[in-house]
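Number 26 in my numbering belongs to position 22 of the first sequence; there are no gaps in the numbering.
Structure first, then comments.
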Amino acid sequence: MARQNKNRIMEIRNRLKAKYPHVKTQLNHKNGFQLLVATILSAQCTDRQVNSVTPILFSKLATPEDFAAVPIERLEAMVRSTGFYKNKARHIQNCARSLIENFNGRVPDNIEDLTRLPGVGRKTANVVLGSAFGVPAMVVDTHVTRISKRLGLTKHKDATKIEFDLVKIIPKEDWNDFSLWLIYFGRAVCKARKPDCPNCFLEDLCKSGDKRE
DNA sequence: AACTCGGGGCA
DNA sequence: TGCCCAGAGTT
């Protein structure tokens with residue numbers, strides 16, 4: 005029974021890997037701090053929106069010191085098109101100040117310190133760990149949450165509990181890719197409202213049936 | 001657990 | 001026009 009479920013999960017993993025062989029993050033910044041800023045900006049908006057503001061943003065403001073000193077209204081204006089811009093601008097500035105004060109201006113490379121930064125929750129922290137430091141990290145966003153429930157990989161709805169469920173059943177070397185697979189899959193097939201079940205390559209392994217939730 | 005912040009893209 | 005987007009903080 006448990007054995008059978010394990011085989012099912014590995015089959016899901018194999019098909020995702022075959023379907024999306026070279027996934028990679030769209031928030032690809034060399035600089036760890038700029039990646040952190042881009043990731044905070046990415047909350048509840050598309051990577052396209054983020055990528056439309058970051059070039060001009062980082063051409064004006066590059067370092068934590070720059071972000072700490074800029075007038076907040078100016079920062080708000082520069083990130084406005086990513087939505088929730090007042091929150092994000094405030095978080096980013098406080099984040100820069102905290103990095104200067106507590107971490108010598110460097111982005112910490114562990115989940116505890118990252119999640120203690122203003123505006124950085126578990127998802128943002130895991131994105132930074134995976135993309136900036138190459139550490140195995142399971143990012144649980146709305147796609148991963150929705151699809152993990154549909155596939156029967158978790159029964160929880162809390163993102164942190166889902167993360168713990170997933171890291172138990174997915175091999176560590178797949179963690180970074182797994183979240184990206186589900187995000188790609190969630191955009192193309194397993195969409196929130198109208199999942200394309202007839203054309204789904206995982207349909208025979210799916211637990212959601214007609215519920216779609 | 002529910003509520004708030006939000007402009008942009010797309011059917 | 002309606003709905004979704006690699007969320008986080010507050011109450």
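Even for Gly, the Cβ is constructed at its ideal location relative to N, Cα and C.
Exercise for the section: Please report how far the alpha carbon of K215 lies from the alpha carbon of I174, in whole angstroms. Expected result: Because the pLDDT at K215 is just 47, under 50, the model does not fix this residue reliably, and the value given afterwards should be weighed accordingly. Cα to Cα, K215 sits roughly 25 Å from I174.
Exercise for the section: Could you pull the start and end residues of the alpha helix (DSSP H) that E15 belongs to? Expected result: 6 to 23
Practice task
Measure the alpha-carbon distance for L209 versus K176 and round it to whole angstroms.
Solution key: 22 Å
Problem - As assigned by DSSP and simplified to three states, the class of C201 - result: helix
Exercise for the section: For P112, I'd like the list of residues in its chain whose CB is within less than 6 Å of its CB, leaving aside the five on either flank, ordered along the chain. Expected result: L118
Handout entry: Buried versus exposed call for F205 [16 or more other C-beta atoms within 10 Å across all chains shown]
Key = exposed
Practice task
Run the CB neighbour count on E217, radius 10 Å, all protein chains shown included, and call it buried at 16 or more, exposed below.
Solution key: Annotation note: pLDDT 44 at E217 (below 50); position unreliable, coordinate value reported separately. It is exposed - the Cβ of E217 has fewer than 16 other Cβ atoms within 10 Å.
Exercise for the section: Please name the residue, chosen from L40, R7, S63, that lies closest to K127 on a Cα-to-Cα basis. Expected result: L40
Practice task
For V144, collect the residues of the same chain with a Cβ closer than 6 Å to its Cβ; drop the 5 residues on either side in sequence, then sort them by chain order.
Solution key: A163, I166, E167
Exercise for the section: Rank G87, Q38, N114 by C-alpha distance to the C-alpha of F71 and give the top, closest one. Expected result: Q38
Practice task
Please report the residue range of the alpha helix (DSSP H) in which H95 lies.
Solution key: 89 to 107
Practice task
Could you tell me the boundaries of the alpha helix (DSSP H) in which L184 lies?
Solution key: 179 to 192
Problem - Simplified DSSP state of W154, which is helix, strand or coil - result: Reading off the sequence shown, one finds Arg at residue 154, where the question assumed Trp. Helix.
Exercise for the section: Could you tell me if T146 is buried or exposed, where buried requires 16 or more neighbouring beta carbons within 10 angstroms of its beta carbon? Expected result: exposed
Exercise for the section: Please indicate yes or no: does the CB of K153 lie closer than 7 Å to some heavy atom of the ligand SAH? Expected result: This structure lacks the ligand SAH, and indeed carries no ligand of any kind.
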